[in-house]
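In the numbering used here, the protein residues as written are 2 to 489. Cβ coordinates follow ideal geometry from the N, Cα and C atoms, glycine included.
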Ligand SMILES: NC(=O)c1ccc[n+]([C@@H]2O[C@H](COP(=O)([O-])OP(=O)(O)OC[C@H]3O[C@@H](n4cnc5c(N)ncnc54)[C@H](O)[C@@H]3O)[C@@H](O)[C@H]2O)c1
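In structure tokens form, the structure reads like this:
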């Protein structure tokens, strides 16, 4: 028989609940989890963290979804950017959001049900985990991590706290891409053993390495967060962090992650594979950037291979694609040339099917926030983690590499018994470098370590694994530390 709760019992129960919440949060002293869950008709309180380039687009996307959601707060460590973003939202919606500089303060805001994160990469996982611990659902930009281990922590946190966590790989919501992947998986181009991701996106020098002043209005300590606080060596403060290892992951983890994700999706592989090898260089100019502007990754999946090419110098396309993915099947091939589509061809190169169509990745997130079903997400965090991790593996191999002459690198590649396809890719890359007037007689390539992965796992084994395994994580700068699994 149901008993009527007295006011006193209610208060006592509430006090126990509050005490339990405090005890539970002892490991995470900074957050009291938000208890409010968005009901079917309730407006979802959104917050955008990092509001400049992509974060500005997040703002536009959430505003499009009013009144289903409302941006109640935003956060940026750059006062100038923060002020402009607050103003923009007020103008667009008639309501001024709360502006925060420190993500930890924003996460205490009870009006916020969910956050979307568009900070630089080195903040993504920690911000996502803190938000999840604070009881928020999360939309986190790609790559979801700056290293393999922290990406896995986000997946674990989302599962443990039963939070919705979407990856910002919007191609996963695009009808043209979805149709193409279904076409491939239905066997319409036969057996697919090779996927080739392309990030052919010419980018120039970012200027000489120097001692630059952090612009006024920026909280550099907060910007650095989990990374060491180092003197600023690049001219442009924002965006160009992509090309410095402490914060970014090169174009592989910038543009490339979208195509890496599609390539892995179409191949139907949901592990990190058996091994990885990467080679390339930052060629043709010297600047403050550190990441490769020319890079090939070969991910070995046993009977399948994923080859990923980054070209940051001027280039022509490959089979009609610059930024795209090519799936090679036994009965034809599919070329995806944009986020929203592409076409299928038979083995003679005759087009057989076209794929096109847009989608609403942000709307998909809001839908899942309401349904509370992770399976409603187009790009659940696990997918984001696996694809981001592939980029990190490539960069680990690359960074552990040795400088080698072009003939020595080719010899090493052939000696490693990688598939013919990889050797052909090498020849195309050297041709491309020569077209860009890179002197191949004088140039050393960075030839990466051939690394093996523990079966089904996310660690290296065998030769070179000791050093490589240390690169699966980073030294975090307290208090910006990604928690261990037991502390999530
Ligand atoms: N999905 C896509 O198509 C897409 C497109 C572009 C960028 N992105 C991703 O979005 C992210 C941001 O890229 P961007 O080009 O806008 O970079 P950006 O450097 O121009 O902007 C980052 C913003 O984050 C702010 N910021 C930094 N640390 C912060 C912190 N701790 N708390 C709050 N704000 C902080 C900065 O002040 C800046 O305003 C990147 O990770 C990038 O990979 C995704």
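Could you give the DSSP three-state label for residue i: helix, strand or coil?
{"i": "residue 74", "result": "strand"}
{"i": "residue 505", "result": "Since the first and last residues shown for the chain are 2 and 489, residue 505 lies out of range."}
{"i": "residue 486", "result": "helix"}
{"i": "residue 354", "result": "strand"}
{"i": "residue 221", "result": "helix"}
{"i": "residue 243", "result": "helix"}
{"i": "residue 287", "result": "coil"}
{"i": "residue 298", "result": "strand"}
{"i": "residue 381", "result": "strand"}
{"i": "residue 479", "result": "coil"}
{"i": "residue 426", "result": "helix"}
{"i": "residue 87", "result": "helix"}
{"i": "residue 201", "result": "strand"}
{"i": "residue 178", "result": "helix"}
{"i": "residue 149", "result": "helix"}
{"i": "residue 551", "result": "A query on residue 551 cannot be resolved here, the shown segment of the chain reaching from 2 to 489 and no further."}
{"i": "residue 322", "result": "strand"}
{"i": "residue 339", "result": "strand"}
{"i": "residue 36", "result": "Summary for residue 36: the model assigns pLDDT 49, below 50, so the residue's position carries little reliability; its value from the coordinates is reported in the next sentence. Residue 36: coil per DSSP, three-state reduction."}
{"i": "residue 193", "result": "strand"}
{"i": "residue 213", "result": "strand"}
{"i": "residue 387", "result": "helix"}
{"i": "residue 473", "result": "coil"}
{"i": "residue 253", "result": "coil"}
{"i": "residue 414", "result": "helix"}
{"i": "residue 108", "result": "coil"}
{"i": "residue 238", "result": "coil"}
{"i": "residue 431", "result": "helix"}
According to DSSP, what are the bridge partners of residue i?
{"i": "residue 334", "result": "329 and 346"}
{"i": "residue 49", "result": "75 and 117"}
{"i": "residue 100", "result": "75"}
{"i": "residue 310", "result": "199 and 297"}
{"i": "residue 363", "result": "DSSP lists no partner for residue 363."}
{"i": "residue 138", "result": "115"}
{"i": "residue 166", "result": "139"}
{"i": "residue 495", "result": "Because the chain is modelled from 2 through 489, residue 495 falls outside the range shown and cannot be assessed."}
{"i": "residue 453", "result": "276 and 462"}
{"i": "residue 305", "result": "302"}
{"i": "residue 233", "result": "213"}
On the criterion of 16 or more Cβ atoms from any shown chain inside 10 Å, does residue i qualify as buried, or is it exposed?
{"i": "residue 225", "result": "buried"}
{"i": "residue 253", "result": "buried"}
{"i": "residue 164", "result": "buried"}
{"i": "residue 489", "result": "buried"}
{"i": "residue 122", "result": "buried"}
{"i": "residue 322", "result": "buried"}
{"i": "residue 212", "result": "exposed"}
{"i": "residue 280", "result": "buried"}
{"i": "residue 262", "result": "buried"}
{"i": "residue 310", "result": "buried"}
{"i": "residue 215", "result": "exposed"}
{"i": "residue 27", "result": "Summary for residue 27: the model assigns pLDDT 33, below 50, so the residue's position carries little reliability, and this model does not support an answer."}
{"i": "residue 469", "result": "buried"}
{"i": "residue 447", "result": "buried"}
{"i": "residue 389", "result": "buried"}
{"i": "residue 174", "result": "buried"}
{"i": "residue 296", "result": "buried"}
{"i": "residue 117", "result": "buried"}
{"i": "residue 146", "result": "buried"}
{"i": "residue 487", "result": "exposed"}
{"i": "residue 23", "result": "Note that residue 23 has pLDDT 34, beneath the 50 cutoff, so the model's placement of it is unreliable and no number is given."}
{"i": "residue 106", "result": "exposed"}
{"i": "residue 327", "result": "buried"}
Hey, is residue i close to ligand 3, as in C-beta under 8 Å from one of its heavy atoms?
{"i": "residue 305", "result": "Among the ligands present in this structure, namely ligand 1, ligand 3 is not found."}
Give me the Cβ distance between residue i and residue j, rounded to the nearest whole Å; I'm assuming they're in contact under 8 Å.
{"i": "residue 115", "j": "residue 370", "result": "6 Å"}
{"i": "residue 335", "j": "residue 190", "result": "6 Å"}
{"i": "residue 195", "j": "residue 422", "result": "6 Å"}
{"i": "residue 277", "j": "residue 398", "result": "5 Å"}
{"i": "residue 112", "j": "residue 46", "result": "5 Å"}
{"i": "residue 391", "j": "residue 300", "result": "6 Å"}
{"i": "residue 341", "j": "residue 364", "result": "Between residue 364 and residue 341 the Cβ distance is about 16 Å, and since that is not below 8 Å, they are no contact."}
- On the three-pair Cβ rule with 8 Å, is the stretch 434-447 touching the stretch 370-382? no
- Query: Using 8 Å as the threshold, is the stretch 168-175 in touch with the stretch 300-313, meaning 3 or more CB pairs across them?
  - Reply: no
- Query: Is there contact here, the stretch 66-78 with the stretch 97-117, by at least three beta-carbon pairs under 8 Å?
  - Reply: yes
- Three-pair Cβ contact test at 8 Å for the stretch 153-160 versus the stretch 353-361: no
- Cβ contact check for the stretch 289-302 and the stretch 237-254: 3 or more pairs under 8 Å: yes
- Would you be able to state if there are at least three C-beta pairs under 8 Å between the stretch 448-463 and the stretch 427-434? Output reads no: the stretch 448-463 does not touch the stretch 427-434.
- Message: Below 8 Å, how does it come out for the stretch 312-320 and the stretch 138-145: are there three or more Cβ pairs, yes or no?
- Response: Taking one beta carbon from each stretch, the stretch 312-320 and the stretch 138-145 have fewer than 3 pairs nearer than 8 Å; the two do not touch.
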